[in-house]
């Protein structure tokens with residue numbers, strides 16, 4: 010059985026005290042969080058930061074203390090494992106300048122959650138939102 014490993018992040022910024030989340034519209038039309046394959050020699054955090062940059066143009070900071078996993082079987086039988094971190098940014102505007110994705114959206118929590126395609130990604134966003142809300146104080 011073939012395995013793939015990707016890394017990404019629940020990427021957010023604050024507008025006042027309200028977290029706004031980055032959602033990417035992938036080329037296939039699915040809405041998700043910034044993520045992608047680990048390249049040779051990369052750590053999960055390095056891959057997450059690179060993918061954030063490639064998909065959104067954002068220089069982010071990964072926050073310590075939170076890490077989430079997702080795993081599923083793809084149509085071709087490959088098992089895909091994704092590690093997500095929480096990452097923040099400020100004073101930057103997300104864009105798809107590198108054309109890695111179709112569109113980049115910055116949305117408040119409920120709109121971001123509702124726009125995500127997969128239930129597992131919605132779950133991860135919900136858990137991260139709770140963590141962010143708790144640790145923001």
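Residue numbers (our numbering): 10 to 146.
For glycine and all other residues, C-beta sits at the position ideal for the given N, C-alpha and C.
message: I need the boundaries of the beta strand (DSSP E) containing residue 15, first residue and last residue.
response: 12 to 24
- request: Measure the alpha-carbon distance for residue 106 versus residue 142 and round it to whole angstroms.
  value: 30 Å
Continuous alpha helix (DSSP H) assignments of at least 4 residues falling wholly in the region 35 to 107: 53 to 65
- request: Thinking residue 82 and residue 35 are a contact (beta carbons under 8 Å), I'd like their distance in whole angstroms, please.
  value: The Cβ separation is near 18 Å, so there is no contact.
field: residue 139 - containing alpha helix (DSSP H), residue span
entry: Counting along the chain, the alpha helix (DSSP H) containing residue 139 begins and ends at 128 to 144.
task: Mind checking which residues open and close the beta strand (DSSP E) that includes residue 112?
output: 112 to 117
Burial state of residue 13, where buried means 16 or more other Cβ atoms lie within 10 Å: exposed
- prompt: Sorted by chain position, which residues of the same chain lie with C-beta nearer than 8 Å to residue 93's C-beta, five sequence neighbours on each side aside?
  reply: 16, 17, 18, 19, 42, 44, 57, 76, 77, 78, 79, 133 and 137
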